[in-house]
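**Student:**
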Amino acid sequence: MSSLNLFDDVVPLEKQHPIYIMMKKERYEPEREVINQWAKGFLDRDNKFTKEFQTSFEPCLWELYLFAYLKELGLRNDFSYDAPDFIVNEPGFCIEATIALPAQGAPGAHGFSTEDMPRDFNKFNSEASIRLSNSFISKVKKLRSRYSQLPQCKEKPLLSP
Numbered sequence: 303m304s305s306l307n308l309f310d311d312v313v314p315l316e317k318q319h320p321i322y323i324m325m326k327k328e329r330y331e332p333e334r335e336v337i338n339q340w341a342k343g344f345l346d347r348d349n350k351f352t353k354e355f356q357t358s359f360e361p362c363l364w365e366l367y368l369f370a371y372l373k374e375l376g377l378r379n380d381f382s383y384d385a386p387d388f389i390v391n392e393p394g395f396c397i398e399a400t401i402a403l404p405a406q407g408a409p410g411a412h413g414f415s416t417e418d419m420p421r422d423f424n425k426f427n428s429e430a431s432i433r434l435s436n437s438f439i440s441k442v443k444k445l446r447s448r449y450s451q452l453p454q455c456k457e458k459p460l461l462s463p
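Residue 303 is where the sequence shown starts when you use our numbering, and the numbers rise one by one after that.
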């Protein structure tokens, strides 16, 4: 089983995610080691994970974290299918990783200062709730239209953390 080379650039600098660029700095070596540990044993089923890691970062980081957590629990992912993200045959459940990114045009989860802190936390919480809700609604639609039809998902609950 080959290991992913997450921090070997496969996309040009101008397309790299700001957090990925930051993580390449020398002072983040310990964090890179942790991420590389999380990735041990992770199979890139569609040969685009490293590219997505370098261009979108947060969704891939969450997927690696979930993979590491499943390993820590002693659960094995069945990589023989392309979807959903994780299929655990014993005890029997599926996981489709879900995140809610910042609103389009809003500051990202990096490089912000205290001036970027929301002034109106009620508005901030309301907008965050809508983004989270939209992420889950999207996954429910995918569950109903695609995942529920897949043989590897039959008779298994689908989690979307």
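C-beta atoms are modelled at their ideal positions from N, C-alpha and C, and glycine is treated no differently.
Quick check on the DSSP output: the alpha helix (DSSP H) that includes residue 362 runs from which residue to which?
**Tutor:** Start and end: 360-374.
**Student:** Is it buried or exposed for residue 356, if we count other Cβ within 10 angstroms and need 16 for buried?
**Tutor:** With 16 or more Cβ atoms within 10 Å of its Cβ, residue 356 is classed as buried.
**Student:** May I have the straight-line CA-CA distance separating residue 303 from residue 342, to the nearest angstrom?
**Tutor:** Caution applies to residue 303, whose pLDDT of 49 falls short of 50 and renders its modelled position unreliable; the model cannot decide the point.
**Student:** Report the three-state DSSP secondary structure of residue 424 (helix, strand or coil).
**Tutor:** If DSSP states are grouped into helix, strand and coil, residue 424 belongs with the helices.
**Student:** Is the beta carbon of residue 402 sitting closer than 9 Å to the one on residue 434?
**Tutor:** Taking 9 Å as the Cβ cut-off, residue 402 and residue 434 qualify as a contacting pair.
**Student:** Taking the alpha carbon of residue 428 as the reference point, which residue from 439, 405, 418 and 340 has its own alpha carbon closest?
**Tutor:** Checking every option, the nearest Cα to that of residue 428 belongs to 405.
**Student:** Between the segment 303-313 and the segment 356-375, do at least 3 Cβ pairs fall closer than 8 Å?
**Tutor:** Enough Cβ pairs lie closer than 8 Å, so yes.
**Student:** With burial defined as no fewer than 16 other Cβ atoms inside 10 Å of the residue's Cβ, what is the status of residue 397: buried or exposed?
**Tutor:** Classification for residue 397: buried.
**Student:** Quick one: residues in its chain with C-beta nearer than 6 Å to the C-beta of residue 386, no 5 flanking neighbours on either side, listed in chain order?
**Tutor:** These residues qualify, in order along the chain: 396, 398 and 449.
**Student:** Check whether the Cβ of residue 463 sits closer than 8 Å to any heavy atom of the ligand ADP, and report yes or no.
**Tutor:** What this structure holds is no ligand at all, so the ligand ADP is not there to describe.
**Student:** From residue 381 to residue 438, what does the alpha carbon distance come to, in whole angstroms?
**Tutor:** Approximately 23 Å, taken between the alpha carbons.
**Student:** Of all the options 338, 329, 317 and 332, which has the alpha carbon lying nearest to the alpha carbon of residue 309?
**Tutor:** Nearest option by C-alpha distance: 338.
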